Amino acid sequence: VTDDFIEGCIKTALQQEFNPEKIRLGMAKNVRREVLQEELIKSGGADAIQSTLIIPLQDEKEAVGSIAVFTSDTFAYNKDIHKLVQLIARELLLTIKYIWKLEEIERMKTNFTSTIVNDLRGPIIANQSFVEALYHEYVDPVTEDQKEILGNILGNNKKLLSFINDILDISRIESGTLEVFVEKNTVKPVIDDAIKNMAILAEQKEISLVNEVEDESFKAVFDAEKIIQVMNNLISNGIKFTSNGGSVTI
71 VTDDFIEGCI KTALQQEFNP EKIRLGMAKN VRREVLQEEL IKSGGADAIQ
121 STLIIPLQDE KEAVGSIAVF TSDTFAYNKD IHKLVQLIAR ELLLTIKYIW
171 KLEEIERMKT NFTSTIVNDL RGPIIANQSF VEALYHEYVD PVTEDQKEIL
221 GNILGNNKKL LSFINDILDI SRIESGTLEV FVEKNTVKPV IDDAIKNMAI
271 LAEQKEISLV NEVEDESFKA VFDAEKIIQV MNNLISNGIK FTSNGGSVTI
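Here the working numbering is used: the first residue of the sequence shown is 71, the next is one more, and so on.
What follows is the structure, given as structure tokens:
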């Protein structure tokens, strides 16, 4: 049978009040009369159906679907079979409702995470700007000790910001809202930007960051922002697991 046939069966079943005898003796005839229209049935399909049992997946609030059973036997469904299918339908309905609830909880968790992380991100970016202004002596000169402290703050801020961006991306991936903007980019400047982001972390361990991509014309197709994010994580790990005075090469 076609999809339209199943929908017609469900509609017919939901319009009738429960009556075991009617289900057992009359439902097949009723469905054949009201639903088994020639244009909805595959060739030879109608002749094969002699008994039909349709149980709505329905609680006191709503109907979410139905179980439809067909057979070529005449009067195949007695009260015991009806009760069995009804039990299966009830368990299936509970399972569907449970899955829906889990999906709703997951959506709430994702929305909550995104909201909290976004609220954290704003102040961190603002603090980053203030500390960078002090570190680069845009306001007043600073001593070497002060510069070291500001460098530590900047480095930890960048780590935290990178972590928050990762959480946001995970939330977007789970919700299916992550956007990737792919275009042709020159590779060297992108790596240079990532190195610049991690420079203060590297300075704290006297680690040199080396970009071995020297060809200014070398291009590739990618999302520059996402690749910089990936490079930040990779370089950060490189710095973390490299001894003081070493180097990280990209």
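All C-beta atoms, glycine included, are put in the ideal place defined by N, C-alpha and C. On a predicted model such as this, the values are computed, not experimentally measured, just so you know.
Collapsed DSSP secondary structure at residue i in the structure displayed
| i | result |
| --- | --- |
| Phe140 | strand |
| Ile277 | coil |
| Gln151 | Note that residue 151 is Ile in the sequence shown, not Gln. Here Ile151 sits in helix by DSSP. |
| Pro193 | helix |
| Thr319 | strand |
| Asn181 | helix |
| Ile93 | Residue placement at Ile93 is poorly supported in this model, since its pLDDT is 44, which falls under 50; the coordinates are not used for a value here. |
| Lys131 | coil |
| Tyr208 | coil |
| Thr165 | helix |
| Asn373 | Absent from the model: residue 373. The displayed extent of the chain is 71 to 320, so no value can be given. |
| Asn314 | coil |
| Ala98 | With a pLDDT of only 48 at Ala98, under 50, the local geometry of the prediction cannot be trusted, and no value is derived from it. |
Residue i versus the options, residue with shortest Cα-Cα distance
| i | options | result |
| --- | --- | --- |
| Leu127 | Val300, Leu157, Phe233, Val212 | Leu157 |
| Gly225 | Asp236, Ile195, Glu161 | Ile195 |
| Gly315 | Glu286, Val300, Val280, Lys275 | Lys275 |
| Phe140 | Ile309, Ile151, Lys266 | Ile151 |
| Ile320 | Thr185, Val280, Asn255, Lys229 | Val280 |
| Val257 | Asp263, Val250, Met268, Phe288 | Phe288 |
| Phe182 | Thr312, Ser241, Lys310 | Ser241 |
| Glu249 | Gln216, Glu295, Gly221, Tyr205 | Glu295 |
| Lys149 | Ser278, Ile125, Ala290 | Ile125 |
| Asp293 | Gly192, Leu154, Leu238, Lys254 | Lys254 |
| Asn306 | Val283, Leu230, Asp239 | Checking the sequence shown, residue 306 turns out to be Ser, not Asn. Minimum Cα distance to Ser306 is reached at Leu230. |
Within 8 Å, strictly: CB atoms of residue i and residue j
| i | j | result |
| --- | --- | --- |
| Ile223 | Val209 | no |
| Gly308 | Val300 | no |
| Val134 | Ile166 | yes |
| Leu172 | Tyr147 | no |
| Lys228 | Leu162 | no |
| Thr180 | Ser232 | no |
| Ile234 | Leu190 | yes |
Beta-bridge pairing of residue i - partner residues as DSSP gives them
| i | result |
| --- | --- |
| Pro126 | Ser136 |
| Ser121 | Thr141 |
Problem set entry | 4 or more residues per run - each alpha helix (DSSP H) lying fully within the stretch 243-312 | 257-274, 294-310
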